Amino acid sequence: MRSSTALLLRESAVDLTRRDAIPRPRTFDGEAMTVEAVIASTTPVRRRDVRGDFLEILDPSGLDLAVTRGASVLDSHQQGGIDNVIGVIDDVRVEGNEVIARIRFSSRPEIAPVVTDIRNGIIRNLSVGYEVGEWRAGKDANGVRTMTAVRWSVREASFVAVPADPTARTRAANDDRAIRELGRRAGVAADRVNTLIECGASIDDARRAFLNDMLDRSVTVRSAGTANMHNTMTLDNPEIFQRATAEAMYTRIAPNFTPMPQARQYVGMSCADIARECLHRAGISSLGMAPPTVITRALQTTSDYPALLANLMNKSLREAYQIAPSGIRRVARQTEANDFRAKSRILIDHSGFTLDLINESAEYPFGAFIDSAESYSVATYGKIFAITRKALVNDDLGGLGDITQRLGLAAAEFERHKLVDLIVQNSGLGPTMSDSLTLFHASHGNVGTGGVPSETTLSEARLLMRNQTGPGGGGISVVPRYLIVPSALETSAEKLITSVQATQTANVNPFAFLDLIVEPRLADTHRWYLAADPALLPCIEFAYLAGAPGPQTESRAGFEVDGVQTKVRLDYGCGAVEWRGLVTNAGQ
């Protein structure tokens, strides 16, 4: 089942009669500043989506422990700045049907009153935000619909004053705006849009719902004595036919893929059989034609066959592109570019941002944003390839799948190479910034004393990041999140950040909260990096042209080559926009 990118909430309280995310105040360690909490269990929680009520179940065995370790603990889900971070999940384990996390609190003086209230049971509610990568649909013993998260990770946890409705889902404000814009463009009534938002529908859920609404409204009336209503979701619709046959052919490339119901009758058919069906739909008899002739006629005289082949190639390419491992991309923030001109970002100096007292009848003073001098632009990359008539006659969909999957993987690999090439410029010191200094420079305070990753060098790197100041000179207290190493340092780095069950303070691993990123594309086998969470302080950005994320495809019936030609286009760019959330060390 497709992944969900919405961040979900499950509430908890100290009172053991509450649900499955329960802090354990008796485990509070005043010296280590830690407390344990049961953050998830297999207890079902009732939720609602566009299909109605269902029971959500979290499978503890599907929890991504590596991602969960290091998740921030926030004050009331406030993600606007690092000042709202009050702690971190520095360890997590599965015990039976429960997921138990150890929360370590910050030692900042302003956090002390909050920690005291948590310890004394004044602040009693904990809310855990998690992201689901894969669902499994089913039904319980009573026939109630269930959705089990079989691949998921905790992204943040928050101590809150009042628990939210258990059916709540956190969603970014821009998600709601995007759904409203989709509804406006689709001509959907405002009440329908509001209902979807209140149900917690994701953007993908809303898009599907709006599409179905549009299809229901777009019935065709044929006047042949009496009006005949045309169901646009049947195979009479050319788009549905093209999609169904493409999905049927895709099952031969990816046997585990589940096609749409309309595709079932075409599953197992050869390329020539489907070409014959396209000719039949176009009113062309294929009686007595050999398979090569059928395929040639279908390519030349119908629009369905080239279109479904293009659909097939696009699906295979996109699937491979999306499953490619992320690597260095995790430390960069994705954005959009409206055009191909240089793109810069607006900076806000949080360190110097204050609210002024407004006396009666006084005017509000103006705040100032900083237009960053760092910029980058999106460029176009691409290539044309073809499904040849020979491959179709030979019914070689396996070979076609290999080609398109390699192209999808190559597109993802190309993006990562661009990101790696960016930070390794100037012998590993990164690109030259607007101040004429490299991204990593002593004057930027983000170059550590050479040495392999160790408690000493990581402590220095973390201190360098913590000591960074904003454009106005005030402290910003940047928190590291990722340790980036080449393949040669993978084993030593894993040992360094692996969490242990320490019985003494001296044995506690202070860097267990870091997420390890092993980037084999880093040619320097000694240099390593420390990076902040790009959601809090983006330093590296990559952008696609608006409305065209990832590789895009266009197809046409070939003339120079017998078959279907497909053009793969990628509008992509990346750049360094900030240095305060990055530290490098040249190693030995």
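Residues in the sequence shown are numbered consecutively from 71, following my numbering.
From the three backbone atoms N, C-alpha and C, an ideal C-beta is built for every residue, glycine too.
Please read all numbers here as calculations on a predicted model, not as lab measurements.
If Leu-534 sits next to Val-653, beta carbons under 8 Å apart, how far is it from one beta carbon to the other, in whole angstroms? Here Leu-534 really is in contact with Val-653; their C-beta atoms are around 5 Å apart, less than 8 Å.
What does the Cβ neighbour count give for Leu-640, buried or exposed, with the cut at 16 atoms within 10 Å? So Leu-640 counts as buried.
Close Cβ partners of Leu-492 (< 8 Å) along its chain, the five nearest in sequence each way excluded: Answer for Leu-492: Gly-500, Pro-501, Ile-610, Cys-644, Gly-645 and Ala-646, listed in chain order.
Contact under 8 Å by Cβ, Ala-227 with Ser-197: It is a contact, given that the beta carbons lie within the stated cut-off.
With H, G and I counted as helix, E and B as strand and the rest as coil, what does DSSP make of Ile-398? The three-state reading of DSSP puts Ile-398 in helix, counting H, G and I together.
Chain-order list of residues whose beta-carbon lies under 6 Å from that of Gly-478 (same chain, five-residue window excluded): So the qualifying residues of the chain are Leu-387, Ala-390 and Tyr-391.
What number of angstroms, rounded off, separates the C-alpha of Ile-365 from the C-alpha of Thr-321? If I take the Cα positions, the gap works out to 20 Å.
Sufficient close CB pairs (3 or more, under 8 Å) joining the segment 206 to 216 to the segment 125 to 138: At 8 Å Cβ cutoff, the stretches touch.
For Val-185, the nearest candidate out of Gly-166, Phe-98, Val-162 and Tyr-446 (CA to CA): Looking from the CA of Val-185, the closest CA among Gly-166, Phe-98, Val-162 and Tyr-446 belongs to Phe-98.
Same chain, Cβ closer than 6 Å to Ala-294, neighbours up to 5 away in sequence not counted: Only weak support exists for where Ala-294 lies, its pLDDT of 34 falling under 50; the coordinates are left without a value.
Restricting to runs no shorter than 4 residues, where is the alpha helix (DSSP H) found entirely within the segment 306 to 374? Entirely contained in the segment 306 to 374, the alpha helix (DSSP H) runs reaching 4 residues are, in chain order, 308 to 323, 341 to 351 and 361 to 371.
How far does the alpha helix (DSSP H) with Ile-493 in it extend, from its first residue to its last? Per DSSP, Ile-493 belongs to the alpha helix (DSSP H) from 467 to 493.
Coil, strand or helix - Gln-392 by DSSP: Note: Gln-392 maps to helix in three-state DSSP.
Distance between Thr-458 and Gly-151 (C-alpha atoms, nearest Å): Near 54 Å, if we compare the C-alpha coordinates of Thr-458 and Gly-151.
Do you know offhand how far Ser-524's Cα is from Glu-560's? Each residue's alpha carbon lies about 13 Å from the other.
Candidates Leu-379, Ala-107 and Phe-327: which alpha carbon is nearest Arg-172's? Sorting Leu-379, Ala-107 and Phe-327 by C-alpha distance to the C-alpha of Arg-172 places Ala-107 at the top.
On the DSSP bridge assignment, give the partners of Met-217 in chain order. Bridge partners of Met-217: Glu-126 and Ala-207.
Range of the contiguous alpha helix (DSSP H) that encloses Arg-536: Its alpha helix (DSSP H) spans residues 525 to 536.
Assuming the contact rule is C-beta atoms closer than 8 Å, Leu-252 and Ala-276 should be a hit. Round their C-beta distance to whole Å, please. Yes, Leu-252 and Ala-276 are in contact; Cβ-Cβ is about 6 Å, under 8 Å.
Own chain partners of Gly-157 with C-beta closer than 6 Å, once the 5 adjacent residues on each side are dropped: Cβ neighbours of Gly-157 beyond the five flanking positions: Val-143, Ile-173, Arg-174, Phe-175 and Ser-176.
Take the Cβ of Asn-381 as the centre, count every other Cβ of all protein chains shown within 10 Å, and call the residue buried at 16 or more, exposed below. Looking at its Cβ environment, which holds 16 or more other Cβ atoms inside 10 Å, Asn-381 is buried.
Would you mind reading off the limits of the beta strand (DSSP E) that contains Glu-165? Its beta strand (DSSP E) spans residues 155 to 165.
Sequence-distant residues of its chain with Cβ nearer than 7 Å to Phe-327 (five each side left out): Counting only Cβ-Cβ distances below 7 Å, and skipping sequence neighbours, we find Tyr-320 and Thr-321.
Distance, Arg-194 Cα to Arg-650 Cα: Each residue's alpha carbon lies about 35 Å from the other.
Tell me the DSSP secondary structure of Asn-264 in three-state form. Residue state, collapsed to three classes: helix.
For the candidate residues Tyr-642, Asn-655, Val-169 and Val-337, whose alpha-carbon lies nearest to that of Asp-409? For the residues Tyr-642, Asn-655, Val-169 and Val-337, the minimum Cα distance to Asp-409 belongs to Tyr-642.
Using three-state DSSP, classify Arg-278 as helix, strand or coil. Arg-278: helix per DSSP, three-state reduction.
Between Tyr-434 and the rest of its own chain, which residues show a CB-CB distance below 7 Å, the 5 nearest in sequence each way excluded? If the five residues before and after Tyr-434 are omitted, its C-beta is found closer than 7 Å to the C-beta atoms of Ile-428, all from its own chain and listed in chain order.
Hey, out of Phe-583, Ala-352 and Glu-624, whose CA is closest to Ile-454's CA? Among Phe-583, Ala-352 and Glu-624, the Cα nearest to that of Ile-454 is on Glu-624.
On the DSSP bridge assignment, give the partners of Thr-138 in chain order. Partner residues in a beta bridge of Thr-138, as assigned by DSSP, do not exist.
Buried or exposed for Asn-384, going by 16 or more other Cβ atoms inside 10 Å? Buried, since its Cβ has 16 or more Cβ neighbours within 10 Å.
Can you confirm whether the segment 543 to 561 touches the segment 594 to 609 when touching is taken to mean that 3 or more C-beta pairs between the two stretches lie within less than 8 Å? Touching, yes, given that three or more Cβ pairs across the two stretches are closer than 8 Å.
May I have the straight-line CA-CA distance separating Arg-221 from Ala-141, to the nearest angstrom? Cα atoms of Arg-221 and Ala-141: separation of roughly 17 Å, rounded to the nearest angstrom.
With distance defined between alpha-carbon atoms, name the residue in Phe-311, His-511, Ala-480 and Met-359 nearest to Tyr-336. Answer by Cα proximity: Phe-311.
Nearest to Thr-568 by CA position, among Arg-367, Ala-136 and Val-164, is which residue? Among Arg-367, Ala-136 and Val-164, the Cα nearest to that of Thr-568 belongs to Ala-136.
Proximity to Gly-540 [Cα-Cα], best of Ala-102, Leu-607, Asp-160 and Arg-278: When the alpha-carbon of Gly-540 is set against those of Ala-102, Leu-607, Asp-160 and Arg-278, the nearest one is in Leu-607.
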